[in-house]
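Q: In the working numbering, the protein residues as written are 2 to 622. The beta-carbon is built from N, C-alpha and C at its ideal position, and this holds for glycine as well.
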Ligand code: M6R
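(1) Apart from the five residues just before and just after residue 357, which ones in its own chain have a Cβ nearer than 6 angstroms to its Cβ?
(2) Could you tell me the boundaries of the beta strand (DSSP E) in which residue 171 lies?
(3) According to the Cβ coordinates, are residue 479 and residue 453 closer than 8 angstroms?
(4) Can you tell me the Cβ-Cβ gap for residue 270 and residue 491, rounded? I've got them flagged as a contact below 8 angstroms.
(5) Would DSSP call residue 343 helix, strand or coil?
(6) What separation, rounded to the nearest whole angstrom, lies between the Cα atoms of residue 429 and residue 509?
(7) Taking buried to mean at least 16 other C-beta atoms within 10 Å of its own C-beta, is residue 341 buried or exposed?
(8) Check whether the Cβ of residue 410 sits closer than 7 angstroms to any heavy atom of the ligand M6R, and report yes or no.
(9) Quick check: the region 595 to 609 against the region 463 to 476, are at least 3 beta-carbon pairs closer than 8 angstroms?
(10) Just reading off the alpha helix (DSSP H) that residue 314 is part of, what are its end residues?
(11) Are there any heavy atoms of the ligand M6R lying less than 7 angstroms away from the beta-carbon of residue 311, as far as the coordinates show?
(12) Is the region 443 to 450 close to the region 288 to 308, with three or more CB pairs under 8 angstroms?
(13) For residue 308, is the beta carbon positioned less than 7 angstroms from some heavy atom of the ligand M6R?
(14) Near residue 379, what residues of its chain come up, given a Cβ to Cβ distance below 7 angstroms and the 5 sequence neighbours on each side ignored?
(15) Can you check whether the CB of residue 7 is closer than 8 angstroms to the CB of residue 22?
(16) In terms of DSSP beta bridges, what is residue 687 paired with?
(17) Using a threshold of 7 angstroms, is the CB atom of residue 619 nearer than that to any non-hydrogen atom of the ligand M6R?
(18) Consider the C-beta atom of residue 595 and the heavy atoms of the ligand M6R; say whether any pair is separated by less than 7 angstroms.
(19) DSSP three-state label for residue 200, please.
(20) Are there any heavy atoms of the ligand M6R lying less than 7 angstroms away from the beta-carbon of residue 180, as far as the coordinates show?
(21) Under a three-way DSSP split, which group does residue 547 fall into?
(22) What does residue 73 pair with, by DSSP beta-bridge criteria?
(23) Counting C-beta neighbours from all protein chains within 10 Å, is the total for residue 214 16 or more, i.e. buried, or is it exposed?
(24) Which of the three DSSP states, helix, strand or coil, is assigned to residue 133?
(25) DSSP beta-bridge partners for residue 120?
(26) Tell me the rounded alpha-carbon separation between residue 61 and residue 33.
(27) To which residues of the same chain is residue 605 closer than 6 angstroms at the C-beta, ignoring the five residues directly before and after it?
(28) Please look up how many angstroms separate the CB atoms of residue 418 and residue 316, rounded, as I've assumed it's under 8 angstroms.
(29) Thinking C-beta only, is residue 593 closer than 8 angstroms to residue 461?
(30) Among all the DSSP beta bridges, which residues are the ones paired with residue 91?
(31) Looking at residue 365 and the ligand M6R, is the gap between the Cβ and the nearest heavy atom below 7 angstroms?
(32) Which one or two residues does DSSP pair with residue 209 in a beta bridge?
(33) Thinking residue 122 and residue 129 are a contact (beta carbons under 8 angstroms), I'd like their distance in whole angstroms, please.
(34) On the premise that residue 516 lies in contact with residue 477, defined as a C-beta separation below 8 angstroms, what is that separation, rounded to the nearest angstrom?
(35) Is any heavy atom of the ligand M6R found at a distance shorter than 7 angstroms from the C-beta of residue 362?
(36) May I have the straight-line CA-CA distance separating residue 88 from residue 100, to the nearest angstrom?
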């Protein structure tokens, strides 16, 4: 939700800021804007729509050369996505510029107070109050960082703010509460951004900023160095953690693919393999070093609760089957947005697992805070080093998917599954419910699944062809049983967000309780079939379900294991996936559904990487 960049240094600020915005556009693309500081004057440009509109505007009306500035790409919360509501926002005199991510909850009261003092606010945003308050505080104290601290103490809600003032041309100030902000440091320059991707091209050395902190980047005009000072909102010096970013700029580029999503789908075999790397010791035992919960406490766990949103929630649903089967510990899965509002029964023996690619999803963050307040231990499964969710958790298991830029999650999902399987096996290992041979075998199967994904990817042309043939349909349904049910939900979610089609996933057993009424002549129904091996009852039941829907006119698209001949007579289209242990099937069965959704979106002329109304990282509730 909104991408923010701030820069001070020796390079042309506009170039640095717009390049950063390009890398952050996945966070929101309703409007974009920049401000640069040149010769004591703030020059601003902003435009509704995607960054390309702003770039066109800058081409036609260039801003003056400058070496400090800031920029914003917006996902609108307050006020329509038009030019006026685009950030940066300025005070009356145009001396202070601010960009913001989050929601200022008490903005109405602050706005009324400002208007009473004669301030003229021109936008419908919550953000604009900050530029006016900052200008007032700045004119009283003459120090932008101090003004920011004073203002932040008055704000309620979630916010990342970055500001510049015409009077301090070598200073950029940022602040954060419940919303992401990182600093990048390099010789003679400093960066602020919502995500390290914005400055990875220039430096891989970064600082994690904590809650309720203000950071000042100040250039020394004599020697050109840039000093970074971090304090709390109360002005006390704050400790910051330095970290090195372990991927490079090319990881956040399309690398020859038309879309990030295509690249990220193709990267899945590597992402799965990387997430498994180093998790098993020489004796074949799982050693999850980052998991800092002592074994005694793991043995005490009497309930696992998984909280997550969207695709990560589907990973959690699949994890439930693995946790309960491998450990015999009861496992609940809950949408993070619902969790704390139903007063869940928690306590010191509950292990809460928060699954999040970005590590910044507000609903998941609030759920984990609630769990910790109730005394539960929280383990984060996260793809983003140093993000808020892992930082506020008791332990973290990082997935190694690399940066995921497309709004639709693909490789992050597969690696979340891998991490969930590892945690479930680890619980089984520590609690003695799985033998070491069994754990070794499951880990071996997990490693093999990376090749399985590779195999699936090499057979996707018929899936793409099928997707193109369905471009004019209005509805696609998805059915599954057991772990295939969350896969069906994930297939439907991908189609909704990318193809803007009516798509729904059902547990196949629920069909006759209502959804079968949706079946009419020609409706495509994708069925995820469990393995037939071992005379699986589930397999036989779903074969019956396929016949039932086909008898009512459905066009069946059957995702089935290689060698499963029983489904052949009832499949209008057959998508083969490699043989895997039943619990691991989602690792291979999800991939064709990702490709299917991506191709359908393309065929319908939709924006694959930036679907309408969405943003990659949902940092508001
Ligand atoms: O960053 P997170 O994993 O916490 O994000 C959760 C969801 O917002 C995310 O998975 C969303 O559902 C995806 N766009 C789906 O493709």
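A: Walking through what the data contain:
(1) For the purposes of this step, residue 357 is taken as the residue at position 356 of the chain shown. 313, 365, 383, 390, listed in sequence order.
(2) Within the chain shown, numbered from 1, the residue matching residue 171 stands at position 170. It spans 169 to 178 - the beta strand (DSSP E) in which residue 171 sits, taken as one unbroken run.
(3) The count along the chain shown starts at 1 and reaches residue 479 at position 478. The count along the chain shown starts at 1 and reaches residue 453 at position 452. No, they are not a contact pair.
(4) Indexing the chain shown from 1 puts residue 270 at position 269. Indexing the chain shown from 1 puts residue 491 at position 490. That pair is no contact at about 18 angstroms.
(5) Residue numbering aside, residue 343 sits at position 342 when the chain shown is read from its first letter. Residue 343: helix per DSSP, three-state reduction.
(6) Taking the first residue of the chain shown as 1, we reach residue 429 at position 428. Taking the first residue of the chain shown as 1, we reach residue 509 at position 508. Approximately 30 angstroms between the Cα atoms of the pair.
(7) Indexing the chain shown from 1 puts residue 341 at position 340. Buried: at least 16 other Cβ atoms inside 10 Å.
(8) What you label residue 410 is simply residue 409 of the chain shown in a count that begins at 1. For the ligand M6R, at least one heavy atom lies less than 7 angstroms from the Cβ of residue 410.
(9) The region 463 to 476 vs the region 595 to 609: in contact.
(10) Against the chain shown, residue 314 aligns to sequence position 313. Run containing residue 314: 311 to 328, per the alpha helix (DSSP H) assignment.
(11) In the chain shown, counting from the first residue as 1, residue 311 sits at position 310. The answer is yes for residue 311.
(12) no
(13) Mapped onto the chain shown, residue 308 falls at position 307. Outside the cutoff, so no.
(14) Taking the chain shown and counting its residues from 1, the one referred to as residue 379 is at position 378. Around residue 379: 353, 355, 369, 372, 373, 394, 395.
(15) Working through the chain shown from its first residue, we reach residue 22 at position 21. Working through the chain shown from its first residue, we reach residue 7 at position 6. For residue 22 and residue 7, no; Cβs fall outside 8 angstroms.
(16) Beyond the ends of the chain as shown, which are 2 and 622, falls residue 687; an answer cannot be given.
(17) Along the chain shown, read from residue 1 onward, the residue named residue 619 stands at position 618. True, at least one ligand heavy atom lies under 7 angstroms from that Cβ.
(18) Locating residue 595 in the chain shown gives position 594, counting from the first residue. Answer for residue 595: no, Cβ out of range of the ligand M6R.
(19) Taking the first residue of the chain shown as 1, we reach residue 200 at position 199. Coil at residue 200, not helix or strand.
(20) Translated into positions along the chain shown, residue 180 becomes position 179. Outside the cutoff, so no.
(21) In the chain shown, counting from the first residue as 1, residue 547 sits at position 546. Residue state, collapsed to three classes: helix.
(22) Here residue 73 is taken as the residue at index 72 of the chain shown, counted from 1. Answer is 5, 34, bridged to residue 73.
(23) Walking along the chain shown from the start, residue 214 turns up at place 213. By the 10 Å Cβ count, residue 214 comes out buried.
(24) For the purposes of this step, residue 133 is taken as residue 132 along the chain shown, with counting starting at 1. Note: residue 133 maps to helix in three-state DSSP.
(25) As a position in the chain shown, residue 120 is number 119, starting the count at 1. Residue 120 pairs with nothing; no bridge assigned.
(26) Locating residue 61 in the chain shown gives position 60, counting from the first residue. Locating residue 33 in the chain shown gives position 32, counting from the first residue. Taking the straight line joining both Cα atoms gives about 16 angstroms.
(27) Counted from its first residue, the chain shown places residue 605 at position 604. Only 472, 500 meet the Cβ criterion.
(28) Your numbering for residue 418 matches position 417 in the chain shown. Your numbering for residue 316 matches position 315 in the chain shown. Residue 418 to residue 316, Cβ: 5 angstroms. Contact.
(29) The count along the chain shown starts at 1 and reaches residue 461 at position 460. The count along the chain shown starts at 1 and reaches residue 593 at position 592. For residue 461 and residue 593, yes; Cβs fall inside 8 angstroms.
(30) Start at 1 with the first residue of the chain shown, and residue 91 comes out as number 90. Residue 91 pairs with 98.
(31) As a first step, residue 365 is located in the chain shown; it is residue number 364 there, counting from the start. It does: the Cβ of residue 365 is within 7 angstroms (strictly closer) of some heavy atom of the ligand M6R.
(32) Against the chain shown, residue 209 aligns to sequence position 208. 183, 242, per the DSSP bridge assignment.
(33) As a working note, residue 122 is residue 121 in the chain shown. As a working note, residue 129 is residue 128 in the chain shown. Indeed, because the Cβ distance is near 5 angstroms, the residues count as touching under 8 angstroms.
(34) For the purposes of this step, residue 477 is taken as the residue at position 476 of the chain shown. For the purposes of this step, residue 516 is taken as the residue at position 515 of the chain shown. So it is not a contact: roughly 13 angstroms between Cβ atoms.
(35) As a position in the chain shown, residue 362 is number 361, starting the count at 1. Checking every heavy atom of the ligand M6R against the Cβ of residue 362, one is found closer than 7 angstroms.
(36) The count along the chain shown starts at 1 and reaches residue 88 at position 87. The count along the chain shown starts at 1 and reaches residue 100 at position 99. One C-alpha to the other measures close to 6 angstroms.
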